[in-house]
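J.:
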Amino acid sequence: MKKYAIIASLLFIAALMGSSCKKEKPIDEDGLLITTRAECYVSNFELLGADFQTVRSKAPVIDTVACTIKQEVFFGTDLKNLWPQFTLVTDAKLDPKITGKVDFSDLANPKTYTVISGNRQVRKTYTVIITVQK
Amino acid sequence: MTGKYFSYISLLGAALSLMTACSKDGDYTIPTPKNELQNDCIKRSLGPNIVGINIEFAYAMAIPAAKGKLVSAQVVASIPGVQVNPGDKPNSATYLQDSSFYTNGSGVDVPIKVGDRSVTKDGANVVTFTKDTNAVTLRYFYRIPEEARGKTVSFTFSATSSNGETVTYKSGPYTIAKMDMALNLLPTNNNKCYLSVADMKLYTAAEAAANPDKIDLVYLYRNLAVQFGHALVAPAASKDYLPGVTLPANVNRDTKLSKAWNVQDFHLAGLKYGTTFVDDVDFEQRDMSTSPDFALGLKEEAGVWVETGDGQYRAYIFVNKLDNTAQSARISIKRYKVK
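So the sequence lines, in the order shown, correspond to chains A and B.
Counting in my numbering, the first sequence runs from 5 upward without gaps.
Counting in my numbering, the second sequence runs from 18 upward without gaps.
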């Protein structure tokens, strides 16, 4: 009799656990919450050099309509070893992810990064245009 | 039925184990000190052991007064340290200090001479006590010799007492770094501005012309509309980064540079910072394949990682001081031979 009671309670706990999982909000492939926000833009941009100090000679010019980030860097910046940092609107994420130093030395072919909104429905591709101080 | 008994038994077991733990606590007795000559040793210096600087130890020894007094203390290094040459300051070599220290009310360490100055005989540093001494801590300074580079060194400390006892303490082995160090080089704009990493020396244009294959970097200061300031540039770099510089003939090596911040090496920065050390491993693991051949806009207390064009040396140059008026700098270098 006791045995049955234990089995029953175990089953009940398992059922509870199952239901709690279903209650959670949906998550995307990165394990991030998918929310209701549809906003999709870059609010700030930073660029660090090989020594993790800023190489920006001016504040960035971010055009959220044309989807461009124009950034002037100091004369003599090591363009092959830069660490970009994007500040995004709440719940948005960036693709591709920044995992280390990025080579920005090909100035004629600017790099592009896609911002994905919180609801994962809106995607906007930003072009990072770098110019060197003269 | 059996289950019930099990629970009783386990409860009893738990209660028993609790009681035994209690009774064990009651058994504590004050430990009896060893009634004999004893010693102990700590290594006081931190960081990589570099040829030409000291490894410092504090060696303590003591004997109960009723048993006798200390007669002598000695240290033997597996590779003998640098010895005093005639005319040298005594502190510029390996020695076992002849004084014990106490700290006075103002926090100053006051020496009390307890023995004859350490003499080196047969590779050992010996201090013979001249005062009746029961307990003392002597400092040992091992000046790392060139022949220890890249090897390991161990130390045997020993003390003898008047009742014939001897104690020994073995310390180490300690690895001696392969790298070299040069402190406080003073490059000046358009003058002594050619740096050789192989020699860790600065040259003028005339001297550079005589040794063009040695010159790895040019130091320059330019006050331009763009950020330039103090810079280290490889002779082979684009002329944009060498404004107004006429290189001596055949000075054309291509050195790679990578700026660093917050690497305030203890040896290079002086006594200001105590926690950061650049060691052999930092040079071994560095990938500079994508680094440029210039470093502009240097800042005080920042640094630059360097790899020579032939890949023979890697170095870390720390900027101790920059002077815009005198257009000069004070830099210190750690250098590692890769191949």
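Note that beta-carbon positions come from the ideal geometry of N, C-alpha and C, so glycine has one too.
On a predicted model such as this, the values are computed, not experimentally measured, just so you know.
Got a sec: which bits of the stretch 50-68 of chain A sit with their beta carbon under 9 Å from any beta carbon on chain B, in order along the chain?
T.: Those residues of the stretch 50-68 of chain A that come within reach of chain B (Cβ to Cβ, closer than 9 Å) are Gly53, Ala54, Asp55, Phe56, Gln57, Ser61.
J.: Inspect the CB distances between the stretch 172-187 of chain B and the stretch 281-291 of chain B and report whether three or more fall short of 8 Å.
T.: Cβ pair count under 8 Å is below three, so no.
J.: Near lysine 127 (chain B), what residues of its chain come up, given a Cβ to Cβ distance below 7 Å and the 5 sequence neighbours on each side ignored?
T.: Within the second sequence, residue 127 (chain B) is the residue found at index 110, counting from 1. Note on identity: in this sequence residue 127 (chain B) is valine, with lysine being the wrong assignment. Only Phe118, Tyr119, Asn121 meet the Cβ criterion.
J.: Which ranges does the beta strand (DSSP E) cover as unbroken runs of at least 3 residues, wholly within the stretch 72-112 of chain B, from first to last along the chain?
T.: If we require 3 residues or more, the beta strand (DSSP E) runs fully inside the stretch 72-112 of chain B come out as 87-94.
J.: Terminal residues of the continuous alpha helix (DSSP H) containing aspartate 297 (chain B)?
T.: Counted from its first residue, the second sequence places residue 297 (chain B) at position 280. Residues 297-301.
J.: Flag this pair as touching only if the stretch 241-251 of chain B and the stretch 294-308 of chain B have three or more C-beta atom pairs under 8 Å; answer yes or no.
T.: Segments in contact, no.
J.: Does any residue of chain B have a CB that is nearer than 7 Å to the CB of phenylalanine 108 (chain A)?
T.: One-based indexing of the first sequence puts residue 108 (chain A) at position 104. With 7 Å as the cut-off, phenylalanine 108 (chain A) does not count as an interface residue toward chain B.
J.: At a Cβ threshold of 7 Å, is glycine 104 (chain A) touching chain B?
T.: For this step, residue 104 (chain A) is matched to residue 100 along the first sequence. No, glycine 104 (chain A) does not count as interfacial toward chain B.
J.: Closest to aspartate 216 (chain B) by CA distance: which of B:Lys351, B:Asn71, B:Ile59, B:Tyr76 is it?
T.: The residue given as residue 216 (chain B) occupies position 199 in the second sequence. Answer by Cα proximity: B:Lys351.
J.: Which complete alpha helix (DSSP H) runs does the stretch 233-257 of chain B hold, if anything under 4 residues is left out?
T.: Listed in chain order, there is nothing to give.
J.: Check for me: the alpha helix (DSSP H) holding leucine 285 (chain B) runs from which residue to which?
T.: Translated into positions along the second sequence, residue 285 (chain B) becomes position 268. Here the alpha helix (DSSP H) through leucine 285 (chain B) covers 283-286.
J.: Between methionine 18 (chain B) and chain A, is there a C-beta pair that is closer than 7 Å?
T.: For this step, residue 18 (chain B) is matched to residue 1 along the second sequence. Low confidence applies to methionine 18 (chain B): its pLDDT is 49, below 50, so where it sits in the model is not reliable enough to give any reading.
J.: Expressed to the nearest angstrom, what Euclidean distance is found between the alpha-carbon atoms of glycine 85 (chain B) and valine 214 (chain B)?
T.: Residue 85 (chain B) sits at position 68 when you count from the first residue of the second sequence. Residue 214 (chain B) sits at position 197 when you count from the first residue of the second sequence. Each residue's alpha carbon lies about 57 Å from the other.
J.: Exposed or buried, what is isoleucine 59 (chain B) when buried is set at 16 or more other beta-carbons lying within 10 Å of its beta-carbon?
T.: Along the second sequence, one-based indexing puts residue 59 (chain B) at 42. Exposed is the call here.
J.: Can you find a C-beta in chain A that's less than 7 Å from the C-beta of threonine 307 (chain B)?
T.: The count along the second sequence starts at 1 and reaches residue 307 (chain B) at position 290. Judged by the 7 Å Cβ criterion, threonine 307 (chain B) is in contact with chain A.
J.: For the stretch 213-247 of chain B, which residues have a CB atom closer than 9 Å to at least one CB atom of chain A, in sequence order?
T.: Taking 9 Å as the Cβ-Cβ cut-off against chain A, the residues of the stretch 213-247 of chain B that qualify are Leu241, Ala242, Val243, Gln244, Phe245.
J.: Helix, strand or coil for alanine 138 (chain A), going by three-state DSSP, please let me know.
T.: In the first sequence, residue 138 (chain A) corresponds to position 134, counting from 1. Checking the displayed sequence, the identity of residue 138 (chain A) turns out to be lysine instead of alanine. Coil.
J.: Verify whether the separation of the beta carbon atoms of arginine 166 (chain B) and valine 68 (chain B) is less than 7 Å.
T.: The count along the second sequence starts at 1 and reaches residue 166 (chain B) at position 149. The count along the second sequence starts at 1 and reaches residue 68 (chain B) at position 51. Cβ atoms of arginine 166 (chain B) and valine 68 (chain B): closer than 7 Å.
J.: Is any beta-carbon of chain A found at less than 7 Å from that of lysine 276 (chain B)?
T.: Reading the second sequence from its first residue, position 259 is the one you call residue 276 (chain B). Lysine 276 (chain B) counts as touching chain A.
J.: Any contact between the stretch 29-43 of chain A and the stretch 91-107 of chain A? By contact I mean 3 or more CB pairs, one from each, below 8 Å.
T.: Yes: at least three Cβ pairs fall under 8 Å.
J.: For valine 204 (chain B) versus tyrosine 236 (chain B), is the C-beta spacing smaller than 7 Å?
T.: Start at 1 with the first residue of the second sequence, and residue 204 (chain B) comes out as number 187. Start at 1 with the first residue of the second sequence, and residue 236 (chain B) comes out as number 219. The sequence shown places proline at residue 204 (chain B), rather than the valine named in the question. Yes, they are a contact pair.
J.: Which residues, in order along the stretch 76-89 of chain A, keep a beta-carbon less than 7 Å from a beta-carbon of chain B?
T.: Taking 7 Å as the Cβ-Cβ cut-off against chain B, the residues of the stretch 76-89 of chain A that qualify are Phe78, Phe79, Gly80, Asp82, Lys84, Asn85.
J.: Quick check on methionine 18 (chain B): buried or exposed, where buried means 16 or more other Cβ atoms within 10 Å of its Cβ?
T.: The residue labelled residue 18 (chain B) in the question sits at position 1 within the second sequence. Model confidence at methionine 18 (chain B) stands at a pLDDT of 49, short of 50, so the residue's coordinates are unreliable and nothing is read from them.
J.: Quick one: what's got a C-beta closer than 8 Å to threonine 135 (chain A)'s C-beta in the same chain, skipping five residues either side?
T.: Translated into the one-based positions of the first sequence, residue 135 (chain A) becomes position 131. Closer than 8 Å at Cβ, skipping near neighbours: Lys74, Gln75, Glu76, Val77, Leu111.
J.: Count the other CB atoms, across all protein chains shown, that sit within 10 Å of the CB of asparagine 208 (chain B); report buried if there are 16 or more and exposed otherwise.
T.: What you label residue 208 (chain B) is simply residue 191 of the second sequence in a count that begins at 1. Label assigned to asparagine 208 (chain B): exposed.
J.: Counting contacts by CB-CB distance shorter than 7 Å, is lysine 115 (chain A) in contact with chain B?
T.: Residue 115 (chain A) sits at position 111 when you count from the first residue of the first sequence. No, no contact with chain B.
J.: Could you say which of B:Asn206, B:Val99, B:Thr49, B:Val92 lies nearest to proline 81 (chain B) if we only look at CA atoms?
T.: By one-based count along the second sequence, residue 81 (chain B) stands at place 64. Of the candidates B:Asn206, B:Val99, B:Thr49, B:Val92, the one whose C-alpha sits nearest the C-alpha of proline 81 (chain B) is B:Thr49.
J.: Once the 5 residues before and after valine 126 (chain A) are set aside, which same chain residues still bring their CB inside 6 Å of it?
T.: On the first sequence, position 122 is the one that residue 126 (chain A) refers to. Correct list, in chain order: Ala42, Cys44.
J.: Using the three-state DSSP reduction, which class does lysine 354 (chain B) fall into: helix, strand or coil?
T.: Taking the second sequence and counting its residues from 1, one reaches residue 354 (chain B) at position 337. Three-state result, lysine 354 (chain B): strand.
J.: On the premise that threonine 150 (chain B) lies in contact with leucine 87 (chain B), defined as a C-beta separation below 8 Å, what is that separation, rounded to the nearest angstrom?
T.: The residue you call residue 87 (chain B) lines up with position 70 of the second sequence. The residue you call residue 150 (chain B) lines up with position 133 of the second sequence. The pair is a contact, with the Cβ atoms about 5 Å apart (cut-off 8 Å).
J.: Beta-carbon separation of asparagine 85 (chain A) and lysine 115 (chain A) under 7 Å?
T.: Counting from 1 along the first sequence, the entry for residue 85 (chain A) is found at position 81. Counting from 1 along the first sequence, the entry for residue 115 (chain A) is found at position 111. No, these two residues do not count as a Cβ contact at 7 Å.
J.: Excluding the 5 residues preceding and the 5 following threonine 91 (chain A) in the sequence, name in chain order all residues of the same chain whose CB lies nearer than 6 Å to its CB.
T.: Position 87 of the first sequence, counted from the first residue, corresponds to residue 91 (chain A). Correct list, in chain order: Ser47, Asn48.
J.: Let me know if proline 162 (chain B) comes out buried or exposed under the rule of 16 or more other beta-carbons within 10 Å of its beta-carbon.
T.: One-based indexing of the second sequence puts residue 162 (chain B) at position 145. Buried, since its Cβ has 16 or more Cβ neighbours within 10 Å.
J.: What residues match up with aspartate 57 (chain B) in a beta bridge as DSSP calls it?
T.: Against the second sequence, residue 57 (chain B) aligns to sequence position 40. Note: aspartate 57 (chain B) sits in a beta bridge opposite B:Ala77.
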